[in-house]
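These notes are about the structure you will find just below.
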Amino acid sequence: MTRHSSDLIIGTHEEKGASRFWQLAPKQPIHENQVVAWKFCHVLHKLLRDGHPNVIPQSIRHRAALVELGRTWGEAHGKLVKCYVDFLLAKLKFHENYPGFPGNVQVGEDRLQLLGGDDINYYFQLGAVIFDYLEDILALQSAVFGSLGASQSNSSTRAGHSRLAVLIPCILESSLLFDYTVKIMFKLHADLSRDVLVGHRRRFHKTLPQLRKFYKDAGAIQSLKNLIDIPLLPQDSTESFSFMNHVPSSRTDFTGSA
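Per the numbering used here, the very first residue in the sequence shown carries number 1; after that it's consecutive.
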């Protein structure tokens, strides 16, 4: 826990997993010290994203330890840690159900199409699950910004920087997931009736403005802008995402073009 996270990431590739990390983690005061618990969650998030692929299945086997950590910090004073734990559990569940997605959730268009092939039901379910994933990310970022206060005056403190650092992987993951959602929505609307997709469109309508606000809030913090390119989302969803208004007249590929 005291080693630099990049060393830990390299270590997982050397040992082809995260066995050592999970041996050391319980020995740290993650149930007694909120700051240590938060750093533990952040390090685990980094390992899941950038560590050896075996980190994910090995961490899934330690899911009970995360559940217990969430219980420890379930009270009001530990709400932020509990929110991060909930996100990590949701992330592990996603990768357990969709092992074709790596920890950083980055897949190319060819890979995305290969995962589901011609099974439209796969994309229907994947779309719903990605909306769940985005909701978990949005809940975490909302908790982080909420902990900084309305003026975000705490963002310049050491604790504030520690909390804001978590938003970087959240931005990276959410921007990719949103891109997949758009591609999937175009594909679904090319193959299924609009009535079947009412729920998906409602969730899209709900998620889009929340992501816009997330990126706007993140873009207002210079330290974040210095570290990552903040995505820009279209303001007019009906023009940018034509599936909101009509069904394409021909089959749609993953580029979103008819």
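Every residue gets a Cβ at the ideal spot worked out from N, C-alpha and C, and that includes glycine.
A direct Cα-Cα distance of roughly 16 Å separates residue 195 from residue 205. By the Cβ-count criterion, residue 229 is exposed, with fewer than 16 other Cβ atoms from all chains shown falling within 10 Å of its own Cβ.
Straight-line spacing of the CA atoms in residue 187 and residue 209 works out to 22 Å. By the beta-carbon neighbour count (other beta carbons within 10 angstroms, threshold 16), residue 67 is exposed. Here the region 116-132 does not lie against the region 162-169, with fewer than 3 beta-carbon pairs under 8 Å apart. Residue 63 carries a helical assignment under DSSP once its states are collapsed to helix, strand and coil.
Collapsing the DSSP output to three states places residue 54 in coil. About 10 Å separates the beta carbon of residue 18 from that of residue 43, a gap too long to meet the 8 Å contact definition. C-alpha of residue 4 to C-alpha of residue 28: approximately 15 Å in a straight line. For residue 113, the enclosing alpha helix (DSSP H) covers residues 109-116. When secondary structure is reduced to three states using DSSP, residue 201 falls in the helix class.
Comparing C-alpha distances from residue 60 to each of 49, 95, 52, 38 shows the shortest one belongs to 95. Excluding residues up to 5 positions away in sequence, 12, 13, 16, 17 lie with their Cβ nearer than 7 Å to the Cβ of residue 52 in the same chain.
The Cβ atoms of residue 87 and residue 136 sit closer than 8 Å to each other. Taking 8 Å as the cut-off, the Cβ atoms of residue 185 and residue 145 do not count as close. Residue 105 sits away from residue 37, with the two beta carbons spaced by 8 Å or more. Residue 71 is classed as exposed because its beta carbon has fewer than 16 other beta carbons within 10 Å across all chains shown. Residue 158 and residue 35 have their C-alpha atoms some 11 Å from each other. DSSP places residue 157 in the coil class of the three-state scheme, outside both helix and strand. The alpha-carbon separation between residue 41 and residue 116 amounts to approximately 31 Å. Under the DSSP assignment, residue 182 falls in the alpha helix (DSSP H) whose first and last residues are 167-191. Distance between residue 197 and residue 189, taken at the CA atoms: about 8 Å. Sequence-distant Cβ neighbours of residue 74 in its own chain, meaning closer than 7 Å and more than five residues away, are 82. Straight through space, the alpha carbons of residue 203 and residue 69 are spaced by roughly 30 Å. DSSP places residue 121 inside the alpha helix (DSSP H), whose first and last residues are 120-148.
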